[in-house]
Structures are given as C-alpha cells and as structure tokens.
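Down below is the structure, laid out as structure tokens.
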Amino acid sequence: MRPLMISALRALGPSVASTPLPEAVRAGIGAVAGLIIAGLFVLSPAVDSQLGLYLIAPFGASSVLLFAVPNSPLAQPWAAIVGNTVAALIGVAVCLHVADPALRIAVAVGLAITATILCRALHPPAGAVAMTAAMSPDAIADLGYRFAVTPVAAGTVLLVVVAAVYAQLTGRRYPMRQVDDRNAHRTADPDPAARIGLSEDQLTDLLERYRQNFNLGAGDLARLVNSAVSVNQWSSAFATCLSLWLGT
Numbered sequence: 000m001r002p003l004m005i006s007a008l009r010a011l012g013p014s015v016a017s018t019p020l021p022e023a024v025r026a027g028i029g030a031v032a033g034l035i036i037a038g039l040f041v042l043s044p045a046v047d048s049q050l051g052l053y054l055i056a057p058f059g060a061s062s063v064l065l066f067a068v069p070n071s072p073l074a075q076p077w078a079a080i081v082g083n084t085v086a087a088l089i090g091v092a093v094c095l096h097v098a099d100p101a102l103r104i105a106v107a108v109g110l111a112i113t114a115t116i117l118c119r120a121l122h123p124p125a126g127a128v129a130m131t132a133a134m135s136p137d138a139i140a141d142l143g144y145r146f147a148v149t150p151v152a153a154g155t156v157l158l159v160v161v162a163a164v165y166a167q168l169t170g171r172r173y174p175m176r177q178v179d180d181r182n183a184h185r186t187a188d189p190d191p192a193a194r195i196g197l198s199e200d201q202l203t204d205l206l207e208r209y210r211q212n213f214n215l216g217a218g219d220l221a222r223l224v225n226s227a228v229s230v231n232q233w234s235s236a237f238a239t240c241l242s243l244w245l246g247t
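With the first letter of the sequence shown counted as 1, position 233 gets the number 232 in numbering that gives the first Met the number 0; the numbers rise by one all the way through.
Below you can see the structure in the form of structure tokens.
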C-alpha cells in the first residue's frame with residue numbers, strides 16, 4: 000500500500016489518546032447523575048412530556064462536555080449556560096417567523112453559531128438547541144420564549160451545578176482552572192504562566208493566532224508548555240549525568 004494512502008487511512012483513526020476505564024466510567028456516571036437531577040427539577044406533571052421539549056436531547060450533548068472534558072473552554076459555565084440560552088432565543092425567533100422547515104432549521108443553527116461565537120459562549124450543543132426549537136413549530140407556538148427559560152436555561156444551570164459538585168467529589172476541577180489560581184499543591188511555586196515567562200494576554204494571543212482558543216484555555220496552555228520545558232530540562236540533566244558517568 001502506498002505511503003500516501005497509509006497516511007490518509009491513519010488520518011481517519013482516533014485522534015484522542017486512550018482513556019483509562021475509571022475515567023470513562025467517572026464521566027458516564029456523572030452524566031447519569033446530572034440528567035437525573037435535571038429531569039427531576041425540569042420535568043413537571045403539569046407539562047405534556049410528549050412534546051419532548053422538557054428534558055431535551057441537547058442536554059445529552061452538554062453532558063458529554065461537562066462530565067467528560069470539563070477543562071474544555073466549550074464546557075465552561077458561561078459557554079454552556081449563555082450558549083444554550085442564546086441559541087434557544089434565536090431558535091424560537093426563527094421558528095416563529097420562518098415558515099419553510101428546511102430554511103428555518105438552517106437559519107436557526109447558523110445564527111446560533113454566529114451569536115454564540117460573538118458572545119464568547121460557543122457550546123456545540125447550542126446548535127442542537129436551536130435546531131430543536133426550529134423543528135418543533137407546534138410546541139414553540141405554545142411555549143414561545145419560555146422555552147429559553149425552561150427547560151433550556153434552567154436545565155443547563157442544573158447540569159453545570161451538578162458537574163461542579165461531581166468534579167470536586169471525583170478529584171477533577173470544574174470550572175476550568177485559571178492562570179492566577181492558587182497553586183494546586185499549596186506550595187510557594189509561582190504559577191505556570193510566570194514560570195514560562197508569558198502573561199495571560201500573551202498566552203491568549205497565541206491561542207487566537209493558531210485558532211485554538213475554542214480547544215484550550217490559557218491556563219492549561221501554560222501548564223502544558225511548562226510541563227514540556229520541565230521534561231526537556233530533566234532529559235538534558237539525565238543526558239549530562241549519563242555522559243559524565245560513562246566518561247564521554
């Protein structure tokens with residue numbers, strides 16, 4: 000098989016490092032807990048649950064981010080709550096004013112993406128929130144903009160609260176660590192940004208320049224760079240010691 004074809008096939012494979020079983024189970028149990036609690040509070044006997052709008056499918060997508068990748072900028076409270084709510088408002092507005100189903104869905108999702116980016120609240124499930132509203136004209140005609148309050152905003156807030164508590168109980172950090180957080184080991188060591196000699200603004204500028212600000216926060220970028228520098232220093236020190244020991 001040609002090298003180019005092999006390279007292309009490899010590109011189709013997993014791009015995420017393998018995850019230990021306990022971490023995968025931790026994320027799954029968190030999603031179960033979050034959705035159960037959200038369902039208990041958001042669902043109401045007075046609501047026609049057949050509409051399918053009160054424990055909505057996008058909450059499942061939000062749970063993936065909140066419980067599986069809590070350090071992602073896309074999973075942070077502002078992104079989740081504001082992103083989902085803004086998308087819901089847009090989805091309702093488009094649903095009430097655009098008659099054609101295909102156009103309605105496309106416009107709702109497109110506007111939701113643009114608006115959440117401008118609000119610095121990009122949250123992938125928000126696209127599904129807007130689409131849910133656009134696909135449910137009969138239900139939206141009854142609910143109107145209340146859809147953005149409950150279930151969307153209320154349900155997302157509940158998921159975020161559960162995610163924060165669950166992260167603390169299981170040894171994770173959520174919301175995401177910031178550059179100026181207190182040292183995690185309670186030592187006098189300077190924060191990672193200070194150790195690598197870059198300010199938070201410079202780190203943010205790097206993320207924006209390489210279009211990675213949706214994938215990584217400035218604080219975690221500082222920790223990654225600092226870890227890489229530390230590994231390199233240890234490698235250099237080991238190589239020097241080995242050379243001295245071998246007498247080369």
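Using N, Cα and C, we set each Cβ at its ideal position, and we do this for glycine too.
Item	Value
What's the C-alpha gap between V63 and G143?	28 Å
With the cut-off set at 9 Å, would you say L110 and A129 are in Cβ contact?	yes
With a Cβ-Cβ cutoff of 9 Å, do A32 and F58 count as a contact?	no
Who are the Cβ neighbours of P13 in its own chain at under 6 Å, not counting the five residues just before and after it?	none
Using only alpha-carbon positions, find the residue among V93, I80 and Q167 that is nearest to V149.	As written in the sequence, residue 149 is Thr, which differs from the Val given in the question. Of the listed residues, the one whose Cα sits closest to T149 is I80.
Whole angstroms are fine: how far does the CA of G126 sit from the CA of I104?	10 Å
Indicate whether I55 and G154 have their beta-carbon atoms separated by less than 9 Å.	yes
Do you know how far the Cα of A86 is from the Cα of T115?	7 Å
Looking only at its own chain, which residues have a Cβ that is under 6 Å from the Cβ of G29, when we skip the five neighbours before and after it?	F66 and Y165
Sort L73, H96 and V159 by Cα distance to C118 and report the nearest one.	L73
Consult DSSP for A120 and reduce its assignment to one of helix, strand or coil.	coil
State yes or no: is the C-beta of P76 within less than 9 Å of the C-beta of A163?	yes
With DSSP as the reference, label P19 as helix, strand or coil.	coil
Report yes if the CB atom of G82 is closer than 9 Å to the CB atom of P124, and no otherwise.	yes
What does the alpha-carbon distance come out to for the pair L100 and L34?	For the record, residue 100 in the displayed sequence is Pro; it is not Leu. About 29 Å.
Report buried or exposed for V24, applying the criterion of at least 16 other Cβ atoms within 10 angstroms of its Cβ.	exposed
Are the beta-carbon atoms belonging to A120 and A147 less than 9 Å from one another?	no
How close, in whole Å, do the beta carbons of S61 and L158 come, if the pair is a contact with beta carbons under 8 Å?	6 Å
What is the residue span of the alpha helix (DSSP H) that T84 lies within?	P76 to H96
Would you kindly check if the distance between the Cβ of M175 and the Cβ of P2 is under 9 Å?	no
Going straight from the alpha carbon of R171 to that of A138, what length do you get?	39 Å
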